[in-house]
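Numbering (my numbering), first residue to last: 3 to 286.
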């Protein structure tokens, strides 16, 4: 689930450029640069560090991620590990392929771009996966939480929403729960809906559903608590994935929005995240 915030200087309590609630000039910003393990991204980082310096992640006012969408998600998780309650904002510049979550790469006037950037607050999904041996594993998914069959046989799943069984049996390759931020990623590829920012809903989308054949998923209030029970878990094993965290041989997966966790993404005003999602809905 996401919320759009006003332009950063409008609210000093949300202003990542003023962590001490005092305005900070662009030239004074402490920027931490990180790059994907590609030649293009590493070269860009070298040039930017030479030009703007490089603060340690633990001291940075803002983190600049150089790579693709996948690396940006990794960087957001790294920011959470620094401070789970108040992680630094992340500004991505595209040195990868698609770059839907990233800004255009330019070396000039980076500090000024950061100071004028608009922020989007992201609340990830919290996944609690229970394995066949009783072990419970918790992870956060910024884009989505997905349940996927592990073998050649289709999975059989029971879906419960807020304590009410909505689908007693879904035969499919899997099912996923997506945030608005993740609705244009795997969710869209699985023919799920694109969700505008601020819509207050999550997408529950089947992956190659066989029975019921006509079920195409559901839009749920962002406060929903979703439980997926795996039926015939020995014969039809299922894994649960929250971004890059995979848990295999699960028997139950509980998913809900983590309202106690907030991440901040920064975008150039001329093409902010809300506009990108809106444009995606009209793409051919």
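In this text, a Cβ means the ideal position worked out from N, Cα and C, and glycines have one as well.
Span separating the alpha-carbon of residue i from that of residue j
| i | j | result |
| --- | --- | --- |
| residue 205 | residue 153 | 25 Å |
| residue 199 | residue 183 | 8 Å |
| residue 23 | residue 94 | Note on residue 23: pLDDT 28, under 50, position unreliable in the model; the coordinate value appears next. Going by the C-alpha atoms only, they are around 24 Å apart. |
| residue 234 | residue 138 | 19 Å |
| residue 150 | residue 262 | 27 Å |
| residue 106 | residue 96 | 6 Å |
| residue 78 | residue 141 | 13 Å |
| residue 6 | residue 99 | Residue placement at residue 6 is flagged as unreliable, the pLDDT there being 36, under the threshold of 50; the coordinate-derived value follows with that caveat. Roughly 25 Å between the two C-alpha positions. |
| residue 274 | residue 201 | 16 Å |
| residue 185 | residue 280 | 12 Å |
| residue 83 | residue 175 | 32 Å |
| residue 220 | residue 145 | 17 Å |
| residue 9 | residue 169 | Legend: pLDDT at residue 9 = 36, less than 50; position of this residue unreliable, value from coordinates given subsequently. Taking the straight line joining both Cα atoms gives about 42 Å. |
| residue 259 | residue 179 | 10 Å |
| residue 85 | residue 162 | 33 Å |
| residue 249 | residue 30 | 43 Å |
| residue 269 | residue 73 | 16 Å |
| residue 282 | residue 267 | 19 Å |
| residue 277 | residue 134 | 43 Å |
| residue 32 | residue 53 | 13 Å |
| residue 136 | residue 42 | 44 Å |
| residue 49 | residue 193 | 40 Å |
| residue 311 | residue 166 | The structure shown has nothing for residue 311, since the chain only spans 3 to 286. |
| residue 25 | residue 59 | Model confidence at residue 25 stands at a pLDDT of 45, short of 50, so the residue's coordinates are unreliable and nothing is read from them. |
| residue 197 | residue 189 | 10 Å |
| residue 244 | residue 203 | 18 Å |
| residue 55 | residue 286 | 42 Å |
Residue i CB to nearest heavy atom of the ligand COA below 8 Å
| i | result |
| --- | --- |
| residue 71 | By its list of ligands, the structure shown contains no ligand whatsoever, and the ligand COA lies outside what it can speak to. |
Which listed residue (the options) has its alpha carbon closest to that of residue i
| i | options | result |
| --- | --- | --- |
| residue 66 | 116, 101, 60 | 116 |
| residue 264 | 123, 231, 210, 191 | 123 |
| residue 173 | 213, 203, 192 | 213 |
| residue 272 | 259, 104, 166 | 104 |
| residue 69 | 83, 54, 45, 55 | 45 |
| residue 51 | 170, 110, 72, 74 | 110 |
| residue 129 | 285, 54, 181, 55 | 181 |
| residue 132 | 276, 285, 230 | 230 |
| residue 155 | 238, 277, 43 | 238 |
| residue 187 | 143, 166, 157, 225 | 143 |
| residue 88 | 125, 113, 55 | 125 |
| residue 164 | 114, 226, 177, 284 | 226 |
| residue 236 | 55, 157, 177 | 157 |
Paired residues, beta bridge with residue i - DSSP
| i | result |
| --- | --- |
| residue 105 | 95 |
| residue 286 | Answer is none; residue 286 lacks a bridge partner. |
| residue 212 | BP columns for residue 212 are empty, so no partner. |
| residue 223 | 203 |
| residue 191 | According to DSSP, which records beta bridges pairwise, residue 191 is partnered with nothing at all. |
| residue 228 | 163, 257 |
| residue 242 | 149, 249 |
| residue 268 | 93, 121 |
| residue 35 | 66 |
| residue 273 | DSSP output for residue 273 lists no bridge partner at all. |
| residue 183 | Looking at the DSSP assignment, residue 183 forms no beta bridge with any residue, so it has no partner. |
| residue 176 | 150, 209 |
| residue 50 | For residue 50, which the question treats as bridged, DSSP gives no partner whatsoever. |
Residue-chain proximity (residue i, chain B), Cβ-Cβ < 9 Å
| i | result |
| --- | --- |
| residue 83 | Any reference to chain B falls outside this structure, which holds one protein chain only. |
Beta-carbon proximity of residue i to residue j, cut-off 9 Å
| i | j | result |
| --- | --- | --- |
| residue 159 | residue 240 | yes |
| residue 147 | residue 257 | yes |
| residue 34 | residue 61 | yes |
| residue 121 | residue 91 | yes |
| residue 47 | residue 37 | yes |
| residue 218 | residue 210 | no |
| residue 101 | residue 63 | no |
| residue 191 | residue 75 | no |
| residue 228 | residue 254 | no |
| residue 195 | residue 207 | yes |
Return the chain-ordered ranges of every beta strand (DSSP E) run that is complete within the stretch 96–172 and spans a minimum of 3 residues. If we require 3 residues or more, the beta strand (DSSP E) runs fully inside the stretch 96–172 come out as 120–124, 127–133, 138–143, 146–151, 157–163.
Where in the stretch 62–90 do unbroken runs of the alpha helix (DSSP H), each at least 4 residues long, occur, reported from the N-terminal end onward? Counting whole runs of 4 or more residues, the stretch 62–90 contains the alpha helix (DSSP H) stretches 71–84.
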